[in-house]
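Colleague: Residue numbers (this note's numbering): 472 to 583. All C-beta atoms in this analysis are idealised placements derived from N, C-alpha and C, irrespective of residue type, glycine included. Only a predicted model underlies this, so the values are computations on that prediction, with no experimental measurement involved. Shown below is the structure under consideration.
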């Protein structure tokens, strides 16, 4: 019974760490897009490609569907996350500009 509980806790901790890693990657990539830093935005896709090339050279990747598709979709997904952060910033700036224009129009009407 003790071994089963330890095994369950170890599995839960491993899943939690994986989830935290995924959340951190998404947060970092979104932040890079939000601030518009292209160089920081390329760190994770290039790192991902580097790991894929390393694993391919070590023979850890085979020629199955997952190992062939993953190198294409990984950087693509990271690029979409970056673009999502960038679009969020553009929307925020547009909303602020619209507020400023509306305020300016109302002030101009009061002056007349």
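Between which two residues does the alpha helix (DSSP H) harbouring residue 517 extend?
Modeller: Here residue 517 corresponds to residue number 46 of the chain shown, with the count starting at 1. From DSSP, the alpha helix (DSSP H) with residue 517 extends over 514-529.
Colleague: Looking at the structure shown, is residue 483 part of a helix, part of a strand, or coil, going by DSSP?
Modeller: Counting from 1 along the chain shown, the entry for residue 483 is found at position 12. It is helical.
Colleague: If you drop the 5 nearest sequence neighbours on each side, which residues of the same chain put their C-beta closer than 6 angstroms to that of residue 516?
Modeller: Taking the first residue of the chain shown as 1, we reach residue 516 at position 45. Excluding sequence neighbours, residue 516 sits near 546, 549.
Colleague: How would you label residue 578, buried or exposed, when you count the other beta carbons within 10 angstroms and need 16 or more for buried?
Modeller: By one-based count along the chain shown, residue 578 stands at place 107. Exposed: under 16 other Cβ atoms inside 10 Å.
Colleague: Consult DSSP for residue 532 and reduce its assignment to one of helix, strand or coil.
Modeller: The sequence position of residue 532 within the chain shown is 61, counting from 1. The answer is coil: DSSP assigns residue 532 none of H, G, I, E or B.
Colleague: Please report how far the alpha carbon of residue 543 lies from the alpha carbon of residue 555, in whole angstroms.
Modeller: Walking along the chain shown from the start, residue 543 turns up at place 72. Walking along the chain shown from the start, residue 555 turns up at place 84. Their Cα atoms are separated by approximately 19 angstroms.
Colleague: Kindly indicate which three-state DSSP category residue 507 falls into: helix, strand or coil?
Modeller: Counting from 1 along the chain shown, the entry for residue 507 is found at position 36. Coil.
Colleague: Throw me the rounded Cβ distance for the residue 507 and residue 552 pair, which I believe falls under 8 angstroms.
Modeller: Along the chain shown, one-based indexing puts residue 507 at 36. Along the chain shown, one-based indexing puts residue 552 at 81. In fact, because the Cβ distance is near 14 angstroms, the residues do not count as touching under 8 angstroms.
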